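Chains as they are written, first to last, in UniProt numbering: chain R, 1 to 372; chain D, 1 to 372. All C-beta atoms in this analysis are idealised placements derived from N, C-alpha and C, irrespective of residue type, glycine included. Since this is a predicted model, take the numbers as computed values, not measurements. Report on the structure given below.
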């Protein structure tokens, strides 16, 4: 195999992530690498923490970016808060709820599943029943914004139920952070993880996480060591902590953190409320364009995610060939269906830097042309 | 806190990693992000596999980059090859051997430690004795090039002993890959992990790994599920496999993989033997400069790593203030001692793109000026 330099095309990324990365972020990414213990880098990490606290709307001191993708952020929450023998109530209304179950079981704990239909939000009444039926449960885990279906669940209501039953919450905010309201402190969420490559529009590979003081207390009272050394947050905190000397844990992904710093700064400069509004407005515009093409949404309006639009593939249309033509002829990526929705749905993302009028115009016209 | 754009200085990185990243690699890093399931990206991943096979000198089909730093690559090897109740012989002659023990124990397995002095290589006679004394052991784990001390162990001899006693090997090649000979197939190593930010001079955040067919067979025969979902290589392989359709596992760190592709391409263009020779030659040059300053090496010549030079801090010299002056006045980073060598040693890295004459000139002159 003769291999030469890889030069990617310029795509418009309207799938479920990664989203379009702004030139500002790419430029930050390519700054010269400095040492991960360099005082200037350590100072930048403190700023990343502060910017993440703003994005998560939290004052949790333990707010960092895990040095790996969102799946590792998910695992960091589970392995640190759960011990073998625990019972965890897991809500499943798409692919990522089932991945939560995998995590629970690999911790040697029992997952009590609360199932809802794909495309529907988690039903608080079912959760309340599960909490009543399982008083031994210590954690309630749910997905705020299901990337596989585009459905938004009521994190505030689910968290209130968990609190009533003395459970901590683990919340998947991979697709919600920066795209729709997520108020970690006001809603009293305990362990929340996200991804860099969705509504933050940073490059993929980092997972912002935040842990409430209640979650930290639970970690400190563990009887067993965390099964993952890499994700053991008691060790990671020694590295991210601003107090005194940093202790070496692993080599941080220096350049990716430059990029995250810049993308969070862009969010702060725009303002979180303005970013939510922009996602909402762009969703409305996309919706009117898609409806004009006769394309129907899979998720009902009240719990539809503006940043991830799951739509039914029209009858008689070949899924793969449409996506392939959009990619090859228009440099436009839209997402395939995942799991139960494979072949039945497209997922059109409007996340972060992607949520711009020109992208919606391109998508509407290209779809119109390709669908004939 | 008012936060503005972070603009790092241009440092010369002569610590234990990250090493200097070439402008070619930084340029590749900042190419536009494309989707992680884009056919063009999938094709690039196949090239990364082929280039990694060259770097590792292996034909192992299971040769990939873990989407996280070297510590996660280490953990990927342990959690996939070890099950609760197993016995693992772990060689410890520095910080990273002890981290291997942590990994073994967190898998619920027993670590039989073979200790050697810091700065010495692993003693094959002690390993042979441990293999004889522990016929139930299934894995021998050792560090090829100890980043904490700069000592090189005889991976070929240790692997031969393991084979005689029907053990698989897990080998830490974080600092050796690309800097000194590492012949995975010829030496019959089974699970080998490295880091992107050492002699490959890519940005930190990825961990090249390779698994022999024997290691893959052992994974396939596991009785228990791998305790980590993120690092379960049976799932990851479905994503990296070139055969048929890719299955989604996690979102790959797209831009970091562009950078790894470019850094591996540079290694291929230079030629692996030439890269080893360059590290050797630059080490000889650094040695003569340091000896002229009266600075002594901690590791004896026969097993001294050319790419990581651990030297004794001269009597009466203040460790922190020298490193701080080098950094602030000369933009030059050298490494502190780690663990037992903290405050006693400096670690001067000559890894990858850092191993150039101009950097040695800078280091020698700056040290001379600062030490007075």
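Please name the residues in the region 220-238 of chain D whose beta-carbon is closer than 7 Å to at least one beta-carbon of chain R, in chain order.
-> 225, 227, 228, 229, 230
Grouping DSSP H, G and I as helix and E and B as strand, with all else coil, what is residue 22 of chain D?
-> Within the second chain, residue 22 of chain D is the residue found at index 22, counting from 1. Coil at residue 22 of chain D, not helix or strand.
If you count every other CB in all the chains shown that lies within 10 Å of the CB of residue 10 of chain R, and 16 or more means buried, which is it?
-> On the first chain, residue 10 of chain R is found 10 positions in, with the first residue counted as 1. It counts as exposed.
Kindly list the residues whose CB is nearer than 8 Å to the CB of residue 294 of chain R, restricted to its own chain and excluding five residues on each side of it in sequence; keep chain order.
-> Taking the first residue of the first chain as 1, we reach residue 294 of chain R at position 294. Hits under 8 Å: 314.
For a contact meaning CB atoms closer than 9 Å, what does residue 26 of chain R contact in chain D?
-> The count along the first chain starts at 1 and reaches residue 26 of chain R at position 26. Within 9 Å Cβ-Cβ: 29, 30, 31, 32, 33, 255.
Pairwise C-alpha distance: residue 171 of chain D and residue 91 of chain D | Counted from its first residue, the second chain places residue 91 of chain D at position 91. Counted from its first residue, the second chain places residue 171 of chain D at position 171. Whole-angstrom Cα-Cα distance: 10 Å.
Nearest chain D C-beta to residue 61 of chain R closer than 9 Å, yes or no?
-> Locating residue 61 of chain R in the first chain gives position 61, where the first residue counts as 1. Not one chain D Cβ lies under 9 Å of residue 61 of chain R.
Contacts around residue 74 of chain D, its chain only, beta-carbon distance under 6 Å, and the 5 residues preceding and following it disregarded | Position 74 of the second chain, counted from the start, is the residue given in the question as residue 74 of chain D. Around residue 74 of chain D: 193.
Separation of residue 369 of chain R from residue 284 of chain R, as counted between CA atoms = Looking up residue 284 of chain R in the first chain gives position 284. Looking up residue 369 of chain R in the first chain gives position 369. For residue 284 of chain R and residue 369 of chain R, the distance between alpha carbons rounds to 21 Å.
What is the DSSP secondary structure of residue 113 of chain R, reduced to helix, strand or coil?
-> One-based indexing of the first chain puts residue 113 of chain R at position 113. Here residue 113 of chain R sits in strand by DSSP.
Cβ-based contacts, 8 Å cut-off: residues of the region 184-211 of chain R near chain D | 195, 197, 203, 204, 205
Report buried or exposed for residue 1 of chain D, applying the criterion of at least 16 other Cβ atoms within 10 angstroms of its Cβ.
-> The count along the second chain starts at 1 and reaches residue 1 of chain D at position 1. It is exposed - the Cβ of residue 1 of chain D has fewer than 16 other Cβ atoms within 10 Å.
Using a Cβ-Cβ distance under 9 Å, would residue 314 of chain D count as near chain R?
-> As a first step, residue 314 of chain D must be located in the second chain, where it is residue number 314. No, no contact with chain R.
Work out the CA separation of residue 355 of chain R and residue 267 of chain D for me, nearest whole Å.
-> Residue numbering aside, residue 267 of chain D sits at position 267 when the second chain is read from its first letter. Residue numbering aside, residue 355 of chain R sits at position 355 when the first chain is read from its first letter. Each residue's alpha carbon lies about 39 Å from the other.
Quick one: what's got a C-beta closer than 6 Å to residue 156 of chain R's C-beta in the same chain, skipping five residues either side?
-> Within the first chain, numbered from 1, the residue matching residue 156 of chain R stands at position 156. 187, listed in sequence order.
Is the Cβ of residue 386 of chain D closer than 9 Å to any Cβ of chain R?
-> Any property of residue 386 of chain D remains undetermined from this structure, which presents chain D solely from 1 to 372.
Local Cβ density within 10 Å of residue 274 of chain D, reported as buried at 16 or more and exposed below that | One-based indexing of the second chain puts residue 274 of chain D at position 274. The residue is exposed, with fewer than 16 neighbouring Cβ atoms inside 10 Å.
Using 9 Å as the limit for Cβ to Cβ distance, is residue 17 of chain R near chain D?
-> What you label residue 17 of chain R is simply residue 17 of the first chain in a count that begins at 1. Yes, its Cβ sits closer than 9 Å to a Cβ of chain D.
Whole beta strand (DSSP E) runs in the region 298-342 of chain R with 3 or more residues, listed along the chain?
-> 308-312, 332-336
Contact set between the region 145-159 of chain D and chain R, restricted to residues whose Cβ is under 8 Å from the partner = none
Which residues in the same chain as residue 113 of chain D place their Cβ atom closer than 7 Å to its Cβ, once the five residues preceding and following it in sequence are excluded?
-> As a working note, residue 113 of chain D is residue 113 in the second chain. Answer for residue 113 of chain D: 90, 92, 101, listed in chain order.
Going by DSSP, what residues sit across from residue 63 of chain R in a beta bridge?
-> Locating residue 63 of chain R in the first chain gives position 63, counting from the first residue. The partner list for residue 63 of chain R (beta bridge, DSSP) reads R/210.
Within 10 angstroms of the Cβ of residue 381 of chain D, are there 16 or more other Cβ atoms? Answer buried if so, exposed if not.
-> Residue 381 of chain D is absent from the structure shown; chain D starts at 1 and stops at 372.
For residue 10 of chain R, which residues in chain D fall below 7 Å Cβ to Cβ?
-> Counting from 1 along the first chain, the entry for residue 10 of chain R is found at position 10. Within chain D, the residues near residue 10 of chain R are 32.
Residue ranges of each beta strand (DSSP E) within the region 191-239 of chain D, 3 or longer = 191-193, 207-211
From what residue to what residue does the alpha helix (DSSP H) around residue 123 of chain R run?
-> Reading the first chain from its first residue, position 123 is the one you call residue 123 of chain R. Per DSSP, residue 123 of chain R belongs to no alpha helix (DSSP H) and is neither H nor E.
Quick one: does residue 3 of chain R have its CB under 9 Å from some CB of chain D?
-> Within the first chain, residue 3 of chain R is the residue found at index 3, counting from 1. By this cut-off, residue 3 of chain R is an interface position.
Skipping 5 residues on each side, what residues in its chain have a beta carbon closer than 7 Å to that of residue 289 of chain R?
-> Start at 1 with the first residue of the first chain, and residue 289 of chain R comes out as number 289. Within the same chain, residue 289 of chain R has close Cβ partners 360, 364.
Got a sec: is the Cβ-Cβ distance from residue 21 of chain D to anything in chain R below 9 Å?
-> The count along the second chain starts at 1 and reaches residue 21 of chain D at position 21. Closer than 9 Å to some Cβ of chain R, the Cβ of residue 21 of chain D qualifies, so yes.
Three-way DSSP call (helix, strand, coil) for residue 88 of chain R in this model | Reading the first chain from its first residue, position 88 is the one you call residue 88 of chain R. Residue 88 of chain R: strand per DSSP, three-state reduction.
Might you give, ordered along the chain, the residues of its own chain that have their beta carbon closer than 8 Å to the beta carbon of residue 59 of chain D, omitting 5 neighbours on each side?
-> On the second chain, position 59 is the one that residue 59 of chain D refers to. Closer than 8 Å at Cβ, skipping near neighbours: 53, 185.
With 9 Å as the limit, tell me which residues of the region 259-284 of chain D have their beta carbon closer than that to any beta carbon of chain R; keep them in chain order.
-> 259, 261, 262, 264, 265, 268
Less than 9 Å separating the beta-carbons of residue 70 of chain R and residue 143 of chain R?
-> Along the first chain, one-based indexing puts residue 70 of chain R at 70. Along the first chain, one-based indexing puts residue 143 of chain R at 143. No, the pair does not count as a contact, with Cβ atoms beyond the cut-off.
Quick one: what does DSSP say residue 73 of chain D is sitting in, helix, strand or coil?
-> Mapped onto the second chain, residue 73 of chain D falls at position 73. Reduced to three states, the DSSP call for residue 73 of chain D is helix.
Across which residues does DSSP place residue 349 of chain R in a beta bridge pair?
-> Taking the first residue of the first chain as position 1, residue 349 of chain R is located at position 349. Bridge partners of residue 349 of chain R: R/308.
Do you know how far the Cα of residue 146 of chain R is from the Cα of residue 179 of chain R?
-> In the first chain, the residue the question calls residue 179 of chain R occupies position 179. In the first chain, the residue the question calls residue 146 of chain R occupies position 146. Distance between the alpha carbons of residue 179 of chain R and residue 146 of chain R: 13 Å.
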